[in-house]
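So the sequence shown is numbered by our numbering: it starts at 243 and just counts up by one.
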Amino acid sequence: MRRSAPLLLAAFLAFAVPVRAPAQNLNLPDLGGVADIALSPQAERRLGQNIMRDIRNDPQYIEDPEITDYLNTLGDKLVNALPGANQDFEFFAVRDPTINAFALPGGFVGVNTGLINIADNESELASVLAHEITHVTQRHIARLLSQQQQMQLPTMAAMVAAILLGNSRPDLAAGAAAAAGAGNVQAQIRYTRSFEEEADRIGFQRLVAAGFDPQGMPDFFKKLQHYTQFSDDGSIPTYLRDHPVTTERIADAENRAAHVPYHQHVDSVDFGLVRAKLRAQTSDARDQVTYFQDALRDRGYASEAAARYGLVVALLRAGRTAQAAAQLPALRGLHVVSAMIEGLAARVHQAQGDNAGALAILRAALSRYPNDRPLTYAYVEALHDAGRNQDALGALFGPLRLYPHDQHLHMLLAKTYAALGKRLLQHQAQAEVYVLQGSLPAAIEQLQLAQSAGDGDFYQLSTVDARLHDLRAQQRQQASDAKRN
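Written as structure tokens, this is what we have:
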């Protein structure tokens, strides 16, 4: 994966060493008044959105609704475990074998597949997310930049990149710092270490409050230390280069875990399915088919359902559709409850050319999991494939009321209106996609196209005009804020 400046900024807040006090003592720090933070929450969100546009265009960004939905379900559980998370969060995965996770300004949290794969249980993965969430809720980037009153957002991004370079590449830090006008980079690095300590402490509280096993943290650290010592190539996980997990820090983590009541957390079914799906989508599909076949033959698996799920995914990827279909009864026979299994069954039927069968499975699955977004996406797409665009439109209204900030739903709405020949409504829906991506100029352009579409009634045009007026006001406010900063 290429290391662009946005990804350098992302790595600045890479996961380090979580842990601290028990959940019943929520010693959340005072963030100070508004005047103490130069970067407003709105500007912080825009900065994150700008970075996310580059990340989404990277081929390693994983645009898989089921994987994304799993991470957001897990992340939301952690976000809601403690008070004070007064913003939206978005969790996503990056196809990168290195062990890393990172928080961006504005509530965006990324996880490398390498980290997901090395986590033996859900509590270990949750401990990483809890730490990253805390970087966001405590507004660490805004606090880092609080004294840079005249800095523009692009310069802010460059300055944080300079701090990252100072941690990992001292030979490059001086030039990057000078280009960014960052000043005393080393002083800023020391400041970021205090952020890590704060994220450790509150992240542990968040993990415990959400009902996960607190032992997941020290276990994860010990695993990383072992990985570093015994890896064949001597490689060190990305964030361990900057934040080594020492014996003392492991002991500290164990001590804190020992001071909270033991709580056994049972991993969700989807934790195993997501890991199996990621494995099945890696490297040569034939190799993965063999891997899962061997695991099932030798009973070398933590979850039979995950192993069988991974085999079906790998068979589909290898183009062996009939064999994938033949494996479905064994998977279903385990009576494991998961919307992901229903989605996989529908994909098998679609691969066989049986779109009607896929629709039937998805319709039944949505009656069982009515708010599952990946199933909704798949159902609407299947309706499109069947030419049932009016039915697709009807299937979108309910989910959009529940999830008005879901970009994928708005994309599907725009696609549906386009298929129905409703140009004003198509551009109006596409405008909301761009708003959610933080691109006001593109959204305004879409609304202007909606105005000139020529197929809207009075009420539709009035709605477009009002929204256009609102977005232009937002754009003026952003320009004013940029001049002030």
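The beta carbon of each residue, even a glycine, is placed where N, CA and C say it ideally should be.
With 16 other Cβ atoms within 10 Å as the buried cut-off, status of residue i
i, result
"V579", "exposed"
"E804", "Limits of the chain in this structure are 243 at one end and 727 at the other, which puts residue 804 out of reach."
"H377", "buried"
"F437", "buried"
"P271", "Reliability of the predicted coordinates at P271 is poor, the pLDDT of 46 falling under 50, and the value obtained from them is presented with this limitation in mind. Exposed."
"E286", "buried"
"A421", "Residue confidence for A421 is low, a pLDDT of 48 falling below 50, so the modelled location carries little weight and cannot support an answer."
"P641", "buried"
"R381", "buried"
"S369", "buried"
"T732", "Since the first and last residues shown for the chain are 243 and 727, residue 732 lies out of range."
"D526", "exposed"
"G290", "buried"
"Q266", "Bear in mind that a pLDDT of 37 at Q266, under 50, signals an unreliable position, so the number given afterwards is only what the model happens to contain. So Q266 counts as exposed."
"F333", "buried"
"N497", "exposed"
"T315", "exposed"
"V402", "Note that V402 has pLDDT 49, beneath the 50 cutoff, so the model's placement of it is unreliable and the number below is only indicative. Its Cβ being crowded by 16 or more others within 10 Å, V402 is buried."
"A549", "buried"
Sequence-distant residues of the same chain with beta carbon closer than 7 angstroms to residue i, five excluded per side
i, result
"M653", "V675"
"A495", "V261, M459, P460, F463"
"S365", "F454, D455, G458, H507"
"G274", "Unreliable placement is indicated for G274, whose pLDDT of 41 sits below 50; no coordinate value is reported for it."
"D311", "R615, P616"
"N363", "G458, D509"
"A512", "Going by the sequence as given, residue 512 is Asp instead of Ala. For D512, where only same-chain residues beyond five positions count, the Cβ hits under 7 angstroms are Y312, S580, M582."
"N613", "L644"
"Q716", "L682"
"T379", "G326, A327"
"Q535", "L553"
Contacting residues, own chain, Cβ-Cβ under 6 angstroms from residue i (five flanking each side not counted)
i, result
"T532", "none"
"L655", "L638, A671"
"P412", "Reliability fails at P412, whose pLDDT of 42 lies under 50, so the model's placement of it is uncertain and the value that follows must be treated cautiously. None."
"V555", "K519, A522"
"G599", "H591"
"M294", "F350"
"H711", "none"
"A695", "R665, L666"
"A416", "Confidence at A416 is low in this model, with a pLDDT of 47, below 50, so the placement of that residue is unreliable and no value is reported for it."
Under 8 angstroms between C-beta atoms of residue i and residue j
i, j, result
"I603", "E623", "no"
"L357", "A343", "yes"
"G226", "D330", "Any property of residue 226 remains undetermined from this structure, which presents the chain solely from 243 to 727."
"A441", "H373", "yes"
"L635", "L601", "no"
"R665", "L689", "no"
"L281", "A384", "yes"
"A323", "A452", "yes"
"A335", "L367", "no"
"Y551", "L586", "yes"
"Y621", "R605", "yes"
"R589", "L558", "yes"
"H647", "L678", "yes"
For residue j and residue i, believed in contact at Cβ under 8 angstroms, the rounded distance
i, j, result
"A544", "G514", "7 angstroms"
"Q594", "A568", "With a Cβ gap of about 11 angstroms, Q594 and A568 do not count as contacting."
"I686", "R718", "At roughly 11 angstroms, the Cβ-Cβ gap does not stay under 8 angstroms, so I686 and R718 are not in contact."
"N597", "A564", "The pair is not a contact, with the Cβ atoms about 17 angstroms apart (cut-off 8 angstroms)."
Cut-off 8 angstroms between Cβ atoms - residues of its own chain near residue i, not counting five sequence neighbours on either side
i, result
"G698", "L666, L667, A692, V706"
"Y645", "R615, L651"
"R288", "G348, L395, G680, Q720"
"I375", "G317, L320, V321, A327, F331, A345, V351, G445, R448"
"E305", "R298"
"D338", "M243, Q302, N354, T355, G356"
"A660", "Q668"
"F700", "none"
N-terminal and C-terminal residue of the alpha helix (DSSP H) that residue i is part of
i, result
"L617", "615-627"
"L346", "Segment 343-346 is the beta strand (DSSP E) holding L346; no alpha helix (DSSP H) there."
"K657", "649-661"
"N314", "307-321"
"V554", "546-559"
"H669", "665-678"
"R562", "Per DSSP, R562 belongs to no alpha helix (DSSP H) and is neither H nor E."
"A537", "527-540"
"T376", "364-379"
"A598", "597-610"
"N328", "First-last for N328: undefined, no H or E at that position."
"D512", "511-522"
CB contact check: residue i to chain D, cutoff 8 angstroms
i, result
"I583", "The chain inventory of the structure shown lacks chain D, comprising one protein chain alone."
Delimiting residues of the beta strand (DSSP E) encompassing residue i
i, result
"F333", "332-336"
"F236", "Any property of residue 236 remains undetermined from this structure, which presents the chain solely from 243 to 727."
Any non-hydrogen atom of the ligand MN within 7 angstroms of residue i CB
i, result
"E438", "The ligand content of the structure shown is nil, which means the ligand MN is not present either."
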